[in-house]
Amino acid sequence: MSQSIENIKQFMDWYPEVAEVKSTMWNLLETAMASPNADAWSANDRSNMMSFYSRMTEFMDAAYIIVPPLLQMLHSPEVNE
């Protein structure tokens with residue numbers, strides 16, 4: 001579990017603003033949708049990708065609110081005693 005916590009902390013250190021994460025995810029989705037490979041995707045596949053993007057942005061919004069206080073609590077002296 002400590003490695004997972006470290007991975008989350010490192011991600012949030014690299015990308016401190018949720019808006020940057022969402023913008024990067026949008027750019028990836030937009031590029032994927034515009035690629036010739038996307039021509040093989042069905043309308044349902046494209047819809048699923050858009051739905052996944054939407055759920056991921058909701059998840060990132062929640063994570064950027066919830067995780068920082070949790071990390072702070074985990075690193076507090078009271079927890080480590």
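So for the sequence shown, the UniProt record's numbering puts the first residue at 1; every next one is plus one.
Virtual Cβ for every residue (Gly too), placed ideally from N, Cα, C.
- Within the chosen definition, does the segment 63 to 70 reach the segment 24 to 38 through at least 3 CB pairs nearer than 8 Å? no
- Message: Tell me which residues share the same chain as isoleucine 8 and place their Cβ nearer than 7 Å to its Cβ, disregarding the 5 neighbours each side in the sequence.
- Response: Val67
- Query: Taking the C-alpha atoms as reference points, what is the distance between histidine 75 and proline 36?
  - Reply: 47 Å
- Message: For leucine 71 and phenylalanine 11, what's the separation of their Cα atoms in angstroms?
- Response: 13 Å
- Message: Starting from glutamate 30, trace the alpha helix (DSSP H) in both directions and tell me its first and last residue.
- Response: 18 to 34
- Quick one: Cα of alanine 43 to Cα of tyrosine 53, how far? 15 Å
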